[in-house]
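S.K.:
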Amino acid sequence: MPTTAEKNINTLTITTEDGHAVIYKSDGSAAVVDTRPWTRGRRVIKTTSSTAYTLGASDAGKMIVHTSASDSTLTIQADASLSWAVGECVEIMRNGAGNLQVIASGITLKDAGKPKANVSGSVFTLRKTAANAWVMWGDTKA
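Numbering (the working numbering), first residue to last: -16 to 125.
#1: Could you check what DSSP says for Ser41 in three-state terms: helix, strand or coil?
#2: Take every Cβ of the stretch 99 to 107, pair it with every Cβ of the stretch 61 to 68, and state whether three or more of those distances are shorter than 8 Å.
#3: Classify Asp54 as buried or exposed, calling it buried when 16 or more other Cβ atoms lie within 10 Å of its own Cβ.
#4: Please return the same chain residues whose Cβ sits closer than 6 Å to the Cβ of Trp21, not counting the five positions on each side in sequence.
#5: What first and last residue would you give for the beta strand (DSSP E) that runs through Lys29?
#6: Pick helix, strand or coil for Trp21, following the three-state DSSP scheme.
#7: Return yes when the Cβ of Met46 is within less than 7 Å of the Cβ of Glu74, no when it is not.
#8: Among the residues of its own chain, which have a CB less than 8 Å from the CB of Met(-16), if the five just before and after it don't count?
#9: Please report the distance separating the alpha-carbon of Gly89 from that of Thr58.
#10: Please classify Ile75: does DSSP put it in a helix, a strand, or coil?
#11: In terms of alpha-carbon separation, which member of Ala80, Ala61 and Ala87 lies closest to His49?
#12: Between Lys93 and Lys124, which are expected to be in contact by the criterion C-beta below 8 Å, what is the C-beta distance as a whole number of angstroms?
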């Protein structure tokens, strides 16, 4: 039988939008929970070989497969240019020989000091956690 731990919820703020609950803690960290997992379908896969790719509104919820043999960048713009709902995410796969680095343009990106895809075949996720704030996790490197 599961046990229940008592938690102080006075330091949490929970917002919901488009089937996602974003839980903000007083230390500034956030967690995103999909409150409607049954509505998830297959991810649309988009392939690009651009050496300077910028996320667009239509990329939300997709998997972008990057196939360039040259070193490349993927830029996340500020909300003024890229209006995604909090909780939206995109998966990125490096499937080429060139390095792929994420560039934060007018946003805060929490990437644990590892803003690049690790090797060809690496997959990572970018999720919007608040206005002009994103988090990156997955198979990445410095």
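Don't be surprised by glycine CBs; every beta carbon is placed ideally from N, CA and C.
M.R.: Taking the geometry as given:
#1: Here Ser41 sits in helix by DSSP.
#2: By the C-beta criterion, the stretch 99 to 107 is judged not to be in contact with the stretch 61 to 68, since fewer than 3 inter-stretch pairs fall below 8 Å.
#3: Per the 10 Å Cβ criterion, exposed.
#4: Note that Trp21 scores a pLDDT of 49, beneath 50, so its modelled location is shaky and nothing firm can be said.
#5: Per DSSP, Lys29 belongs to the beta strand (DSSP E) from Ile28 to Thr31.
#6: Per-residue confidence for Trp21 stands at a pLDDT of 49, beneath the threshold of 50, marking its modelled position as unreliable; the derived number appears in the next sentence. Residue state, collapsed to three classes: helix.
#7: Cβ distance < 7 Å, so Glu74 and Met46 count as in contact.
#8: Note that Met(-16) scores a pLDDT of 45, beneath 50, so its modelled location is shaky and nothing firm can be said.
#9: Going from the Cα of Gly89 to the Cα of Thr58 covers about 10 Å.
#10: If DSSP states are grouped into helix, strand and coil, Ile75 belongs with the strands.
#11: Among Ala80, Ala61 and Ala87, the Cα nearest to that of His49 is on Ala80.
#12: With 8 Å as the limit, Lys93 and Lys124 do not qualify as a contact, their Cβ atoms being about 16 Å apart.
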